[in-house]
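Peer 1:
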Amino acid sequence: MPIRYRNPVYDAYFADPFVLRVGEGYVAYGTGRVVDGRAFEVLTSSDLVTWRSVGGALELLPPELGGDYWAPEVAEADGRWWMYYSVGHGDVGHHLRVAVADHPTGPFVDQGVNLSPDERFAIDASPFRDEDGTWYLFHARDVLEGDRVGTMLAVDVLDGMTRLRGQSRTILRPSDDWQVFLRQRKMYGQLYDWHTLEGPFVRKYGGRYYCFYSGGAWLEPTYGVAYAVADHPLGPWVEPTGAPPLLRTVTDRVIGPGHNCVVTGPDGQDVIVYHAWNPERTARRMCIDPILWSPDGPRVLGPSFTPTWLPRSDE
Numbered sequence: 001m002p003i004r005y006r007n008p009v010y011d012a013y014f015a016d017p018f019v020l021r022v023g024e025g026y027v028a029y030g031t032g033r034v035v036d037g038r039a040f041e042v043l044t045s046s047d048l049v050t051w052r053s054v055g056g057a058l059e060l061l062p063p064e065l066g067g068d069y070w071a072p073e074v075a076e077a078d079g080r081w082w083m084y085y086s087v088g089h090g091d092v093g094h095h096l097r098v099a100v101a102d103h104p105t106g107p108f109v110d111q112g113v114n115l116s117p118d119e120r121f122a123i124d125a126s127p128f129r130d131e132d133g134t135w136y137l138f139h140a141r142d143v144l145e146g147d148r149v150g151t152m153l154a155v156d157v158l159d160g161m162t163r164l165r166g167q168s169r170t171i172l173r174p175s176d177d178w179q180v181f182l183r184q185r186k187m188y189g190q191l192y193d194w195h196t197l198e199g200p201f202v203r204k205y206g207g208r209y210y211c212f213y214s215g216g217a218w219l220e221p222t223y224g225v226a227y228a229v230a231d232h233p234l235g236p237w238v239e240p241t242g243a244p245p246l247l248r249t250v251t252d253r254v255i256g257p258g259h260n261c262v263v264t265g266p267d268g269q270d271v272i273v274y275h276a277w278n279p280e281r282t283a284r285r286m287c288i289d290p291i292l293w294s295p296d297g298p299r300v301l302g303p304s305f306t307p308t309w310l311p312r313s314d315e
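Residues in the sequence shown are numbered consecutively from 1, following this note's numbering.
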């Protein structure tokens, strides 16, 4: 039965939303408040439209490791739930970590492992299990080599849920000016026209792999969602030539839509979950819209900002 919704589907601050389907319902995790002494607010829903806060997810770490917790994603394996996230001080020194819980709503307990000890800066860990059972961890990291310096997408293999193989490789580099974070940004003692690709999320469809990602500056209307395609999780990954971003700002309505995941809706249609700024730019709030798949790739029926329906076939 179609469900009527209007974005945002959760009105409070809830950035970098990740939604996990659990049984007949959904659990969402987001960057933002510390709730009940735990990082990452947790929401539950039966239909992706009506959400209820059920507390915080992650037991806090010692403050010397950082006080800013970003972009949680959760995977189920071996009867437990594994949360991948980054922690650092402001926007400095972030590294990837993993925590585990016996229930999808937590509490999650960090496993004492820095998954990215050799990276300058690593964020936005996104676990992906292929059909052969292999787990991969997609993420974003800083790279100072090449024509367009900045934060880029990478992947490594998970040899167990708490250990990376140690062969992280860059899979997608900035390719366009819309991905500029800030020109003449001071980073690592130099000035760079800094580009940003972040928030990777991989979905397999029709035998191919699609990596949705966000690009540009998360504070600005230029922020949006695009994708690349590969025949294997390790690549090579290629952006479709001439394809516009899947999600872009709608002036005065939807500002800086980005950092998405993809989940199957109650009626079987894939749904993109993302955040966008309110008009006053005081909160990034969770939004949803349907995805249509074709031989040419995905198309998002959004960003929507008026009452509409889920599922939906076209506009």
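Note that the Cβ used here is the ideal one computed from N, Cα and C, for glycine as well.
I'd like the list of long-range same chain contacts for arginine 248, defined as Cβ closer than 6 Å, with 5 residues on each side in sequence excluded.
Peer 2: Gly224
Peer 1: Counting pairs of beta carbons, one from the stretch 22-31 and one from the stretch 1-8, are three or more of them closer than 8 Å?
Peer 2: Judged by Cβ distances under 8 Å, the stretch 22-31 makes no contact with the stretch 1-8, as fewer than three pairs qualify.
Peer 1: Sort His232, His195, Arg185, Ala217 by Cα distance to lysine 204 and report the nearest one.
Peer 2: His232
Peer 1: Which of the three DSSP states is assigned to glutamate 252 in this structure?
Peer 2: In the sequence as displayed, the identity of residue 252 is aspartate instead of glutamate. Here aspartate 252 sits in coil by DSSP.
Peer 1: Give every residue of the same chain whose Cβ lies closer than 6 Å to the Cβ of serine 168, excluding the five residues on either side of it in the sequence, and list them in chain order.
Peer 2: Within the same chain, serine 168 has close Cβ partners Ala154, Asp156.
Peer 1: At what residues does the beta strand (DSSP E) containing phenylalanine 18 begin and finish?
Peer 2: 15-22
Peer 1: Is the separation between the beta-carbon of phenylalanine 212 and that of tyrosine 227 shorter than 7 Å?
Peer 2: Yes, these two residues count as a Cβ contact at 7 Å.
Peer 1: Would you kindly report the start and end of the unbroken beta strand (DSSP E) that includes arginine 203?
Peer 2: 190-205
Peer 1: The beta strand (DSSP E) spanning tryptophan 81 covers which residue range?
Peer 2: 80-89
Peer 1: Quick check on glutamate 41: does DSSP put it in helix, strand or coil?
Peer 2: strand
Peer 1: Determine the DSSP secondary structure at aspartate 124, reduced to helix, strand or coil.
Peer 2: strand
Peer 1: Starting from phenylalanine 138, follow its DSSP beta bridges and name the residues at the other end.
Peer 2: Assignment of beta-bridge partners to phenylalanine 138 by DSSP yields Ser126, Val155.
Peer 1: Are the stretch 303-311 and the stretch 251-259 touching, with three or more C-beta to C-beta distances below 8 Å?
Peer 2: yes
Peer 1: Which one or two residues does DSSP pair with phenylalanine 108 in a beta bridge?
Peer 2: Leu58
Peer 1: Return the CA-CA distance between glycine 128 and arginine 185, expressed in angstroms with no decimal places.
Peer 2: Residue identity check: residue 128 is phenylalanine in the sequence provided, not glycine. Straight-line Cα distance between these residues: approximately 32 Å.
Peer 1: Rounding to the nearest angstrom, what Cα-Cα distance links aspartate 47 and valine 22 in this structure?
Peer 2: Their backbone Cα atoms lie some 12 Å apart in a straight line.
Peer 1: For arginine 52, which residues does DSSP report across the bridge?
Peer 2: Thr44
Peer 1: Identify which residue in His89, Gly206, Ser313, Pro279 has its Cα closest to the Cα of valine 271.
Peer 2: Ser313
Peer 1: Going by DSSP in three states, aspartate 177 sits in which element: helix, strand or coil?
Peer 2: helix
Peer 1: Using DSSP with H/G/I as helix, E/B as strand and the rest coil, what is leucine 144?
Peer 2: coil
Peer 1: With DSSP run on the structure shown, which of helix, strand or coil describes glutamate 76?
Peer 2: Looking at glutamate 76 - three-state DSSP - the assignment turns out to be strand.
Peer 1: Considering Cα atoms alone, identify which of Val229, Leu234, Val149 is closest to proline 240.
Peer 2: Val229
Peer 1: Going by other Cβ atoms of all chains shown within 10 Å of its Cβ, with 16 needed for buried, is valine 238 buried or exposed?
Peer 2: exposed
Peer 1: Should alanine 71 and tryptophan 82 be called a contact, given that it needs their Cβ atoms to be closer than 7 Å?
Peer 2: Cβ distance not < 7 Å, so alanine 71 and tryptophan 82 don't count as in contact.
Peer 1: What are the partner residues of phenylalanine 212, as DSSP defines its beta bridges?
Peer 2: Phe201, Tyr227
Peer 1: Could you give the C-beta distance for threonine 105 and threonine 151, rounded to a whole number, given that I count them as a contact under 8 Å?
Peer 2: Between threonine 151 and threonine 105 the Cβ distance is about 31 Å, and since that is not below 8 Å, they are no contact.
Peer 1: Quick check on the DSSP output: the beta strand (DSSP E) that includes alanine 99 runs from which residue to which?
Peer 2: 92-101
Peer 1: Please classify histidine 103 as buried or exposed, where buried requires at least 16 other C-beta atoms within 10 Å of its C-beta.
Peer 2: exposed
Peer 1: Mind checking whether the beta-carbon of aspartate 314 lies closer than 6 Å to any heavy atom of the ligand MN?
Peer 2: Absent from the structure shown: the ligand MN. Ligands present: none.
Peer 1: Quick check: what's the CA-CA separation for arginine 284 versus valine 273?
Peer 2: Straight-line Cα distance between these residues: approximately 12 Å.
Peer 1: On the criterion of 16 or more Cβ atoms from any shown chain inside 10 Å, does glutamate 145 qualify as buried, or is it exposed?
Peer 2: exposed
Peer 1: Beta-carbon within less than 8 Å of aspartate 110's beta-carbon, same chain only, minus the 5 sequence neighbours each way: which residues are those?
Peer 2: Leu58, Glu59, Leu61, Arg97, Val98, Ala99
Peer 1: Taking only three categories from DSSP, how would you classify proline 298?
Peer 2: strand
Peer 1: Would you say valine 54 and valine 35 are within 7 Å of each other, going by their C-beta atoms?
Peer 2: no
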